[in-house]
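One structure is given below, encoded as structure tokens.
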Amino acid sequence: MKRRRQAVIKGSSLPALRIVVRDGDAHSLRTELLETIDNARPLLAEAIAVLDLRERLASDVDAHDIVTAVRDAGVRLAAVLIGDSGQRDALAEFSLPVIEAPLSTRDALRDAALGERAAPDQPDPPADDPSEDTSPASASQRPGESSSGPGLAPVYLTKPLRSGQRLYAQGRDIVVAAPTSRGSELIADGSIYAFSPIRGRVLAGAGGDTSACIVATDLDAELVAVAGVYRTFEADELKAHGGGPVSVTLWLDADGNERLTLAALAPSSSTQRR
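When we follow my numbering, the leftmost residue of the sequence shown carries the number 251, and every step to the right adds one.
Next up, the structure:
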């Protein structure tokens with residue numbers, strides 16, 4: 251019998267978060283960066299963090315200072331993404347992998363579309379921001395690389411998703427017909443429609459689809475996200491919406507900042523009868 255190798259290299263679908271730093275005011279950058287990281291602290295504690303400097307075009311803040319600020323905030327960086335080789339020298343002393351990866355056409359188009367979106371006429375919500383897949387069903391193993399196409403059927407979750415399990419639907423939606431536990435992850439490149447109680451982490455639009463949404467009849471998630479914008483909802487905030495069906499969508503406020511908004515949905519006539 252052939253001996254099983256004790257060491258192998260495999261692909262992985264471990265969650266990786268990008269901390270994107272854009273051009274802006276040097277005096278407020280550190281404050282805003284610390285606020286953003288603090289809002290996402292529960293997520294950063296269990297994910298790989300990558301610093302993305304590719305959207306900086308004419309910033310007067312040195313890349314060295316940005317990495318220092320991120321590390322001072324307690325983030326353990328795994329790598330730095332840059333758009334060209336000009337920033338390598340400033341990052342050399344940190345002993346971090348520096349990956350040169352220009353923004354894709356898809357990313358550029360997505361950012362352009364975000365810049366043209368108008369905020370809906372509603373109050374501004376508060377600014378909150380495991381090795382191999384063990385889920386009972388999975389449509390893919392590589393979140394963020396969407397291969398969506400027209401007519402793809404959604405992935406249906408029909409068995410409970412336990413703590414430590416993850417279901418990822420590449421290029422399609424997820425329809426949830428079984429409860430999910432705390433510590434589980436639902437990830438879809440499209441939208442997530444849940445007709446059973448959902449807990450854990452719920453991430454829609456993982457491939458960058460800003461029109462994706464989360465619709466849930468019983469939302470009790472530790473963290474939700476749409477197109478990479480994360481937010482936590484307190485129990486009191488969910489109760490304020492009646493504890494019934496809600497939607498989570500992404501929109502831009504008057505200052506052009508991406509935000510997640512929570513809205514109550516009208517219950518169906520059958521629900522009202524019950």
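Even glycine gets a Cβ: it sits at the ideal position worked out from N, Cα and C. Please read these numbers as outputs of a predicted model, since none were measured by experiment.
Measure from the alpha carbon of residue i to the alpha carbon of each residue in the options, then state which is nearest.
{"i": "residue 321", "options": "473, 471 and 344", "result": "344"}
{"i": "residue 337", "options": "327, 325 and 311", "result": "311"}
{"i": "residue 299", "options": "267, 486 and 402", "result": "267"}
{"i": "residue 474", "options": "454, 487 and 460", "result": "454"}
{"i": "residue 347", "options": "317, 425 and 410", "result": "317"}
{"i": "residue 434", "options": "509, 417 and 255", "result": "417"}
{"i": "residue 424", "options": "481, 458 and 466", "result": "466"}
{"i": "residue 402", "options": "270, 489, 468 and 421", "result": "421"}
{"i": "residue 484", "options": "497, 469 and 478", "result": "469"}
{"i": "residue 294", "options": "326, 515, 514 and 351", "result": "326"}
{"i": "residue 459", "options": "446, 447, 319 and 437", "result": "437"}
{"i": "residue 270", "options": "258, 253 and 329", "result": "329"}
{"i": "residue 288", "options": "305, 315, 307 and 323", "result": "323"}
{"i": "residue 442", "options": "427, 282 and 509", "result": "427"}
{"i": "residue 429", "options": "500, 439, 503 and 444", "result": "444"}
{"i": "residue 412", "options": "449, 507 and 406", "result": "449"}
{"i": "residue 447", "options": "432, 457, 456 and 440", "result": "432"}
Would you kindly report the start and end of the unbroken alpha helix (DSSP H) that includes residue i?
{"i": "residue 341", "result": "338-341"}
Starting from residue i, trace the beta strand (DSSP E) both ways and give me its first and last residue.
{"i": "residue 498", "result": "496-502"}
{"i": "residue 511", "result": "508-514"}
{"i": "residue 416", "result": "416-419"}
{"i": "residue 472", "result": "No beta strand (DSSP E) holds residue 472; DSSP gives it neither H nor E."}
{"i": "residue 437", "result": "435-438"}
{"i": "residue 442", "result": "442-444"}
{"i": "residue 451", "result": "451-454"}
{"i": "residue 346", "result": "No beta strand (DSSP E) contains residue 346, which DSSP labels as neither H nor E."}
{"i": "residue 407", "result": "405-407"}
{"i": "residue 462", "result": "Neither: residue 462 is in no beta strand (DSSP E) and is coded neither H nor E."}
{"i": "residue 481", "result": "479-481"}
{"i": "residue 330", "result": "327-332"}
Go ahead and pull the three-state DSSP assignment for residue i.
{"i": "residue 537", "result": "A question about residue 537 goes unanswered here, because the residues of the chain that appear run from 251 up to 524."}
{"i": "residue 393", "result": "Any reading at residue 393 must be qualified, since the residue scores a pLDDT of 37, below 50, and its modelled position is unreliable; the value itself is stated next. In the structure shown, residue 393 sits in coil (DSSP, three-state: anything other than H, G, I, E or B)."}
{"i": "residue 370", "result": "With a pLDDT of only 41 at residue 370, under 50, the local geometry of the prediction cannot be trusted, and no value is derived from it."}
{"i": "residue 384", "result": "Note that residue 384 has pLDDT 39, beneath the 50 cutoff, so the model's placement of it is unreliable and the number below is only indicative. In the structure shown, residue 384 sits in coil (DSSP, three-state: anything other than H, G, I, E or B)."}
{"i": "residue 253", "result": "coil"}
Does the beta carbon of residue i fall short of 7 Å from some heavy atom of the ligand NAD?
{"i": "residue 257", "result": "The ligand NAD is absent from the structure shown, which contains no ligands of any kind."}
Which ranges would you report for the beta strand (DSSP E) in the region 258-322 if only whole runs of at least 3 residues count?
-> 266-270 and 298-302
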